[in-house]
Amino acid sequence: MDKKGLKRKRIAVLYGGRSSEREISIRSGAAVLGSLIKLGYNATGIDAAENLVEKLKKEKVEIAFIALHGRWGEDGTVQGLLEIMGIPYTGSGVLGSSIALDKAIMKLLFDTTGIPTPACLISTSSDIAAFPLPFVVKPANEGSTIGISIVREKKDIARAIRLARRYDRKIVIEEYIKGSEITVAVVNNKALPVIEVRPTSGFYDFHAKYTKGMTEYIVPAEIKKKTAKKAQDIALKVYGLFDLSGCARIDMLVRGDDPLVIDVNTSPGMTETSLVPKAWAHLGGTFEGLVEEILKGAKLKI
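Using the working numbering, the letters of the sequence shown correspond one by one to residues 6 to 307.
Below is the structure:
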């Protein structure tokens, strides 16, 4: 739909929700809503934590801009609801969203399609002790590095598992890769410049991710050009494999010259410290321009 048509529509920015990433989603939603209003769109904000159907009906919403992160927003549930209600929405569809959030299914899909990724174990407690140290323990269905631990000694395994299981009954044990952390955003099938992530603490956890000054972001990444190109090609392959739409971000670690995918984000952060706006700005784009580009892709996917 063109800009003129979009400006005649009632747009709702869906934010908040019930996941452990609620506070970040509120920040993303506020930034997106502010941009849409500044650009002259007929936009409102809706907290998706409860009574979402009633709120969508009350506001007579015609297009939904999804600024939700994590469960009940980035996992296909809200996307399915919008499909049933016939409301076009931004971002990826039901299947791509659900596969990308579930790291266990994501890793299995990578293994069967040749996407490079660190070795992993979809955990049952009895198997973990045999997995070579060091390794990373993750809840299968969380984002923003919530519930993640690096295990370097066997005595720390039980603690790491307890932490991960606070957030999910299913956990992923992943080979620890010591190397550069990079990320590639894809917007409407176009790969943006590679960003290198350098946390001052040495670990890119929730605190480092969302606190100003805790992480250095280098755009473009200070890696070999062929490695950067390889990372962009992998990101586009993942985007196509998962049948993603709109904006997505693919996180990787570099071992030698080889990027390995560790996460796929179908509703990346849109805060002042977020990565996609940084990559977009490197190409000369504005935050408002990014929001508008994502909005253009709003549609029903089924």
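Don't be surprised by glycine CBs; every beta carbon is placed ideally from N, CA and C.
For clarity, every value in this text was computed on a predicted model and none was experimentally measured.
Taking the C-beta atoms as reference points, Glu227 is found no nearer than 7 Å to Ser40.
The shortest CA-to-CA distance from Thr122 to any of Val177, Leu288, Ser103, Arg171 is the one to Val177. Cβ contact annotation for Gly45 (same chain, cutoff 7 Å, sequence separation greater than five): Lys12, in chain order. Boundaries for Met219: no alpha helix (DSSP H) harbours it, and the DSSP string shows neither H nor E there. The residue among Ile89, Ile71, Val66 with its C-alpha nearest the C-alpha of Asn47 is Val66. In the DSSP assignment, Lys143 falls outside any alpha helix (DSSP H) and within the unbroken beta strand (DSSP E) covering 140-144. Counting every other CB atom within 10 Å of its CB across the protein chains shown gives Gly75 a total of 16 or more, marking it as buried. Straight through space, the alpha carbons of Ile51 and Arg23 are spaced by roughly 13 Å. DSSP, read as helix, strand or coil, puts Pro225 in coil. Taking the Cβ atoms as the reference, Ala17 lies roughly 16 Å from Glu88, outside the contact range of under 8 Å. DSSP places Met111 within a helical segment (H, G or I) once states are collapsed to three. Less than 7 Å divides the Cβ of Pro282 from the Cβ of Leu295.
Straight-line spacing of the CA atoms in Gly152 and Leu168 works out to 6 Å.
Going by beta carbons, Leu19 and Ile92 fall outside the 7 Å limit.
Residue burial is scored here from C-beta neighbours: Glu55 has fewer than 16 other C-beta atoms within 10 angstroms and is therefore classed as exposed. Taking the C-beta atoms as reference points, Gly251 is found nearer than 7 Å to Thr95. In terms of Cβ geometry, Gly85 and Asp248 do not form a close pair [threshold 7 Å]. When the Cα atoms are used, Thr205 and Arg157 turn out to be separated by approximately 20 Å. The beta carbon of Pro264 lies closer than 8 Å to those of Pro121, Ile187, Thr232, Lys235, Ala236, Ile239, Met257, Leu258 in the same chain, with the five residues before and after it left out.
Using a Cβ distance threshold of 7 Å, Lys175 and Ala109 count as a contacting pair. If you ignore the 5 residues before and after Ala284, its C-beta comes within less than 7 Å of the C-beta of Ala190, Leu197, Pro198, Ile200, Val224, all in its own chain and listed in chain order. Distances from the alpha-carbon of Gly119 to those of Glu297, Thr276, Pro273, Lys242 put Lys242 closest. Distance between Ala286 and Asp161, taken at the CA atoms: about 41 Å.
Arg254 and Ile307 have their C-alpha atoms spaced approximately 22 Å apart. DSSP lists Ala17 as the bridge partner or partners of Thr49.
Closest in C-alpha terms to Ser272, from the list Val83, Ser154, Leu288, Arg171, comes Val83. In the structure shown, Glu179 adopts extended strand secondary structure according to DSSP, grouped into three states.
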